[in-house]
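**Student:**
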Amino acid sequence: MLNFARQTLKRVPSFQELLQGNMGSAREEITVDVLVIGAGPTGLGAAKRLNQIDGPSWLIVDSNETPGGLASTDITPEGFLYDVGGHVIFSHYKYFDDCIDEALPKKDDWYTHQRISYVRCKELWVPYPFQNNISMLPKEDQVKCIDGMIDAALEARVANTKPANFDEWIVRMMGTGVADLFMRPYNYKVWAVPTTDMQCQWLGERVAAPDVKRVTQNVILGKTAGNWGPNSTFRFPARDGTGGIWIAVANTLPKSKTRFGEHGAVTKVDADQKRVTLKDGTVVNYNKLISTMAVDSLVQFMGNKELTDLSKGLFYSSTHVIGVGIRGERPERIGDKCWLYFPEDDCPFYRATIFSNYSPYNQPQADVKLPTMQLADGSKPSSSDAKEGPYWSIMLEVSESSKKPVDQKNLLRDSIQGLINTEMLKPTDEIVSTYHRRFDHGYPTPSLEREGVLKQLLPALQSKDIWSRGRFGSWRYEVGNQDHSFMLGVEAADNIVNGAVELTLNYPDFVNGRQNTERRLVEGAQVFAKSKKALD
């Protein structure tokens, strides 16, 4: 149990100031029970729970003026919005739902969509998940895929060992046909490492295992399988993109306990003295620390060589987000598609999101006049005059790592050419806006070495009263969506205050296999207390 102490402020004079008796320029020192570093979903989840508990004193800091972290949204000068990659809202937790509904409570704050996703393969659009819809492929590829599935099913009946890596898991579950046509090339494009370098414990609900009988029936009857997965229905904010959610959540917190911007940037973490130094010289003394920065960065801020060397066993990929804004009505060939997968090498991106389909406010309104920057084939437009819309947009994601380098200088050009190659754009389409941003930490790779590192690194940090949590704080992709990330922070706060088990961190399959309804933003006792007060 944590002994609570209210936040205090005091100045610490320098030696020279003591000699001069001058306290005027002394730095600020803050003391709190719990310090939260990072205002992405995990940090905001921790702060939200600490604020609800109203016990220990706390403070949340972030180097960015705008909260959101890797769930932020950028806007181009022309007025096109782009998220940091493909984010949508689907949830395993009632507490998460409560918090975002409190932040954006109106019905018109949200749009609800049915996922419409396809895989681009052999110049065809195959419904997602690919392995359940091989009925859409040419006959010879159907035969290869079914042959592989039958071999895999027979092998599974006699196998007495677990797959050694992700590649073996793919072949055992789906066979060599699906592996070669989709799973191997696509996953290399996503993860930027070969499937042989990845473990398979992370999979859970992430990958649909094919039903060989159903797949065979669909091939014979020419049918496709329906939607699968936890995100078959999802929500998206009407305005301000995904980042708008987290700005709204942050706005429900007391401003006196938030410190966002340069004066919230961390420059040093002294784990022994339990002191964090900020860029403006402020020192924050803490009892417990919830850090949501990437754990490999955290140990460097700590100056701990042993843990830094240990963290080098973790692998990650960088993500390039490319945005293209186009003038004209959304083409029929695009329709109401949500996101699309690209395993083949005719484009550098692995996923494309029709971002304009999520909300009409993700792009400028039709009466906004914009000049044409270029045609899709790279040629100059016939006129440089600004003209009205309508407009639509595409957001692309490209991975990069030491095992999959990227030509950054020409990536935007190559991506637009890839859109033409895959028939997403016509050569004469008018491009009115482009966007390109690289995010160094994009995907935490479930590498073969990951668990060996985390089983030492996270407990070592916790022994120093540091809870390293979040997409890169705890480095577990299987609990790295927005709802998971938020709850990693919530559960860390509960663990600190009352010793509650952190289910999301320690039991991913359990939380992903159910609706987690036990924790609520307004607890039963709070409802009772309010009702009693009203009666009094």
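Counting with my numbering, you get residues 752 to 1287 for the letters of the sequence shown. Here a beta-carbon is modelled for each residue, glycine too, at the ideal position from N, C-alpha and C.
1) Since Val1183 and Tyr1228 should fall inside the 8 Å C-beta cutoff, what is the C-beta to C-beta distance between them, to a whole number of angstroms?
2) Rounded to a whole number of angstroms, what is the C-alpha to C-alpha distance between Ala777 and Gly1140?
3) Looking only at C-alpha atoms, which of Ala1103, Ile788, Arg1270 and Pro792 sits nearest to Asn1324?
4) If you drop the 5 nearest sequence neighbours on each side, which residues of the same chain put their C-beta closer than 6 Å to that of Arg935?
5) Considering only residues of the same chain and omitting the five flanking positions on each side of Gly820, which have a CB-CB separation below 7 Å?
6) Check the C-beta distance from Asn911 over to Leu1199 and give it rounded, since I have them as a contact under 8 Å.
7) Hey, which unbroken runs of the alpha helix (DSSP H) at 4 residues or more fall wholly within the segment 931-976?
8) For Arg1271, name the three-state secondary structure that DSSP assigns.
9) Nearest CA to the CA of Leu1147: which residue from Val839, Tyr833, Arg986 and Gly1250?
10) Does the beta-carbon of Val812 have 16 or more other beta-carbons within 10 angstroms, so that it is buried, or is it exposed?
11) Measuring CB to CB, does Ala1045 end up less than 8 Å from Gly1224?
12) Return the CA-CA distance between Ser1007 and Trp809, expressed in angstroms with no decimal places.
13) Going by the CB atoms, is the gap between Ser842 and Asp1234 shorter than 8 Å?
14) In chain order, what residues of the same chain lie with their CB nearer than 6 Å to the CB of Thr993, ignoring the 5 residues before and after it?
15) In the DSSP assignment, find the unbroken beta strand (DSSP E) run with Tyr1037 in it and report its ends.
16) I'd like the ranges of any beta strand (DSSP E) spanning at least 3 consecutive residues and lying wholly in the segment 1105-1191.
17) So what does Leu1029 bridge to, in DSSP terms?
18) Quick one: what's got a C-beta closer than 8 Å to Arg1271's C-beta in the same chain, skipping five residues either side?
19) Compute the beta-carbon to beta-carbon distance between Gly1076 and Gln1116, rounded to the nearest angstrom, for a pair I have assumed lies under 8 Å.
20) With C-beta atoms as the reference, is Phe933 less than 8 Å away from Phe881?
21) Please go through the same chain and pick out, in chain order, the residues whose beta-carbon is closer than 7 Å to the beta-carbon of Gly772, but skip the five residues on each side of it.
22) Tell me the start and end of each unbroken alpha helix (DSSP H) in the segment 796-872 that is at least 4 residues and wholly inside, in chain order.
23) Quick one: residues in its chain with C-beta nearer than 7 Å to the C-beta of Asp859, no 5 flanking neighbours on either side, listed in chain order?
24) Decide yes or no for the touch test of the segment 1093-1102 against the segment 1149-1156: beta carbon pairs closer than 8 Å, at least 3 of them.
25) Name the one or two DSSP bridge partners that Trp1218 has.
26) Ile1041 to Trp1226, Cα distance in whole Å?
27) Are the Cβ atoms of Leu1176 and Ser868 separated by less than 8 Å?
**Tutor:** This is what the structure holds:
1) That pair is no contact at about 35 Å.
2) The predicted model places Ala777 with a pLDDT of 46, which falls under 50 and marks its position as unreliable, so this point remains unresolved.
3) Residue 1324 lies beyond the residue range present for the chain, which begins at 752 and ends at 1287; the question has no answer from this structure.
4) Answer for Arg935: Thr946, listed in chain order.
5) Excluding positions up to five away in sequence, the list reads Gly789, Ala790, Gly791 and Pro792.
6) The pair is not a contact, with the Cβ atoms about 21 Å apart (cut-off 8 Å).
7) Unbroken alpha helix (DSSP H) runs of no fewer than 4 residues, entirely contained in the segment 931-976, are found at 935-942 and 963-972, following chain order.
8) Correct three-state label for Arg1271: coil.
9) Closest option to Leu1147, judged by alpha-carbon separation, among Val839, Tyr833, Arg986 and Gly1250: Tyr833.
10) Classification of Val812: buried, given that the 10 Å Cβ count is 16 or more.
11) When the beta-carbon positions are compared, Ala1045 and Gly1224 come within less than 8 Å of each other.
12) Rounded to the nearest angstrom, the two C-alpha atoms are 10 Å apart.
13) Yes.
14) So the qualifying residues of the chain are Ala822, Thr824, Asp834 and His838.
15) Unbroken beta strand (DSSP E) run through Tyr1037: Val1034 to Ser1042.
16) For the segment 1105-1191, the continuous beta strand (DSSP E) assignments of 3+ residues that do not extend past its boundaries occur at 1142-1151, in sequence order.
17) Bridge partners of Leu1029: Val1017.
18) Within the same chain, and ignoring the five residues on either side of Arg1271 in sequence, the residues whose Cβ sits closer than 8 Å to its Cβ are Lys845, Tyr846 and Asp849.
19) Not really, about 13 Å apart at Cβ, beyond 8 Å.
20) Yes, the Cβ-Cβ distance between Phe933 and Phe881 is below 8 Å.
21) Residue placement at Gly772 cannot be trusted, given a pLDDT of 43 that sits under 50; what the coordinates show is reported in the next sentence. Cβ within range, chain order: n/a, list empty.
22) Here the runs fully enclosed are 845-854.
23) Beyond the five residues adjoining it in sequence on each side, Asp859 comes within less than 7 Å, by CB distance, of Ala989 in the same chain, given in chain order.
24) Under the 8 Å Cβ criterion, the segment 1093-1102 counts as touching the segment 1149-1156, having at least three qualifying pairs.
25) Trp1218 is bridged to Ile1041.
26) Computed Cα separation, rounded: 15 Å.
27) Not closer than 8 Å, so no.
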